[in-house]
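A.B. asks: Throughout the sequence shown, residue numbering follows our numbering, covering 36 to 268 in sequence.
I'd like to ask you about the structure that follows.
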Amino acid sequence: AGAVVIDTGASLRYGQAQRAAVRAATCRDAVQVYITHAHPDHFLGNQAYADVPVQALPATAERIAQGGDQLAQNLYLLVGSAMAGTAVQAPGALAMPTPDAVAFGGRRLQLIALQGHSGADLAVFDEATGTLFAGDLVFFERAPTTPDADLPAWLDALARLARLPVRVLVPGHGPVVRGPEAIAQTRDYLLWVQRTLREAAAQGLDMNEAMRRPDMIEGLAARACGLDGNLQI
36 AGAVVIDTGA
46 SLRYGQAQRA
56 AVRAATCRDA
66 VQVYITHAHP
76 DHFLGNQAYA
86 DVPVQALPAT
96 AERIAQGGDQ
106 LAQNLYLLVG
116 SAMAGTAVQA
126 PGALAMPTPD
136 AVAFGGRRLQ
146 LIALQGHSGA
156 DLAVFDEATG
166 TLFAGDLVFF
176 ERAPTTPDAD
186 LPAWLDALAR
196 LARLPVRVLV
206 PGHGPVVRGP
216 EAIAQTRDYL
226 LWVQRTLREA
236 AAQGLDMNEA
246 MRRPDMIEGL
256 AARACGLDGN
266 LQI
């Protein structure tokens, strides 16, 4: 029936390359795009799918519509010409089906509304293959980013994802994994951040003082490095 695309990347150029890769891999074009959350590396390729339905959770769609231009400008300042021609195309608000599953060509996808990494996080689970597209609720061999994090909600979301019959997990960042280790690794990192910050607060430290604690610096460095010892974001 066509391809379902989950997240479109950080620029128009990325989205165009992604769509070409979809056509090459499937001999079909995209028929639906889902955006997992409102961080710019996940939605700024939307322009490449201007003729395809692009949808996100309502809170995600609203945040992109209201603040997407500023997020795009931040990336322009970081990477310059790689963003050439990129403009914000806000997704439409996704009305969650009842039950929360859709079908394309007879293939059922569970649409799972969560939060924690951001104010609204969409995960997509392909029932036929047991493949979970977790968005940035799951990082693997990468340091999770936390600018909008609600740690208790994020941990609750991971617990829900862990109950799914997952055989293949596609994290928001990091390699595809066939096993529970990506969810476990993300959970361990968040628990460490939560514990460390609570200890800093109990000591009366402000944010900058907490970040200068030796155990915080060493812990962040250790958790941001891949198996080869290179920094991986």
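Glycine included, every Cβ here is placed at the ideal spot set by N, Cα and C.
Does F139 pass the burial test, meaning 16 or more other C-beta atoms within 10 Å, or should it be called exposed?
C.D. replies: Here residue 139 corresponds to residue number 104 of the sequence shown, with the count starting at 1. Label assigned to F139: exposed.
A.B. asks: Could you pull out every residue in the same chain whose Cβ sits closer than 7 Å to the Cβ of G103, ignoring the five residues on either side in sequence?
C.D. replies: For the purposes of this step, residue 103 is taken as the residue at position 68 of the sequence shown. Counting only Cβ-Cβ distances below 7 Å, and skipping sequence neighbours, we find V123 and A125.
A.B. asks: Does DSSP classify V201 as helix, strand or coil?
C.D. replies: Mapped onto the sequence shown, residue 201 falls at position 166. In the structure shown, V201 sits in coil (DSSP, three-state: anything other than H, G, I, E or B).
A.B. asks: I believe A65 touches G44 by the beta-carbon criterion, under 8 Å. Please report the beta-carbon distance rounded to the nearest angstrom.
C.D. replies: Here residue 65 refers to the residue found at position 30 when the sequence shown is read from its first residue. Here residue 44 refers to the residue found at position 9 when the sequence shown is read from its first residue. Actually they are not in contact, since the Cβ atoms of A65 and G44 sit about 13 Å apart, beyond 8 Å.
A.B. asks: Please give the ranges of any beta strand (DSSP E) in the segment 146 to 229, keeping only runs that are unbroken, at least 3 residues long and fully inside the region.
C.D. replies: Listed in chain order, they are 156 to 161, 166 to 174 and 203 to 208.
A.B. asks: Under 9 Å between the Cβ atoms of H77 and D161?
C.D. replies: To locate residue 77, count along the sequence shown from 1; it is residue 42. To locate residue 161, count along the sequence shown from 1; it is residue 126. For H77 and D161, no; Cβs fall outside 9 Å.
A.B. asks: G151 and A192 look like a contact to me (Cβ under 8 Å); what is the Cβ gap, rounded to whole Å?
C.D. replies: One-based indexing of the sequence shown puts residue 151 at position 116. One-based indexing of the sequence shown puts residue 192 at position 157. The Cβ separation is near 4 Å, so the contact holds.
A.B. asks: Cα-Cα, which of P187, A83, A56 and A73 is closest to L92?
C.D. replies: By 1-based counting over the sequence shown, the position of residue 92 is 57. Of P187, A83, A56 and A73, the residue nearest in Cα terms is A73.
A.B. asks: Considering only C-alpha positions, which residue in the set G50, L232, A197 and T221 is nearest to M118?
C.D. replies: Position 83 of the sequence shown holds residue 118. The shortest C-alpha separation from M118 is found at G50.
A.B. asks: What do you get for S46, buried or exposed, if any count of 16 or more other CB atoms within 10 angstroms of its CB means buried?
C.D. replies: Counting from one through the sequence shown, the residue named residue 46 turns up at place 11. That one is buried.
A.B. asks: Taking Y84 as part of the alpha helix (DSSP H), name the residues at either end of that continuous run.
C.D. replies: Your numbering for residue 84 matches position 49 in the sequence shown. From DSSP, Y84 is part of no alpha helix (DSSP H); its letter is neither H nor E.
A.B. asks: Rounded to the nearest angstrom, what separates A96 and A60 at their Cα positions?
C.D. replies: Numbered from 1 along the sequence shown, position 61 holds the residue referred to as residue 96. Numbered from 1 along the sequence shown, position 25 holds the residue referred to as residue 60. Computed Cα separation, rounded: 29 Å.
A.B. asks: Quick one: grab the DSSP three-state call for A65.
C.D. replies: Position 30 of the sequence shown, counted from the start, is the residue given in the question as residue 65. Reduced to three states, the DSSP call for A65 is strand.
A.B. asks: Ignore the nearest five residues each way along the sequence and tell me which others in A107's own chain have a CB closer than 8 Å to its CB.
C.D. replies: Looking up residue 107 in the sequence shown gives position 72. So the qualifying residues of the chain are P75, L79, M118, T121, A122 and V123.
A.B. asks: So, does the segment 175 to 182 touch the segment 129 to 145, judging by three or more C-beta pairs under 8 Å?
C.D. replies: No: the two stretches stay apart, fewer than three of their Cβ pairs being nearer than 8 Å.
A.B. asks: Taking a contact to mean a Cβ-Cβ separation below 9 Å, would you say Y69 touches I41 in this structure?
C.D. replies: For this step, residue 69 is matched to residue 34 along the sequence shown. For this step, residue 41 is matched to residue 6 along the sequence shown. Contact: yes.
A.B. asks: So for L144, helix, strand or coil by DSSP?
C.D. replies: For this step, residue 144 is matched to residue 109 along the sequence shown. Residue state, collapsed to three classes: strand.
A.B. asks: Does the count of Cβ pairs from the segment 215 to 231 and the segment 193 to 203 closer than 8 Å reach three?
C.D. replies: Flag = yes, the segment 215 to 231 and the segment 193 to 203 touch.
A.B. asks: If you compare alpha carbons, which of Q145, Q90, Q105 and A100 is closest to G127?
C.D. replies: If you number the sequence shown from 1, residue 127 lands on position 92. Nearest C-alpha to G127: Q90.
A.B. asks: On a Cα-Cα basis, can you pick out the residue from G115, T166 and W189 that is closest to Y224?
C.D. replies: Position 189 of the sequence shown holds residue 224. Residue W189 is the option with its Cα nearest to Y224.
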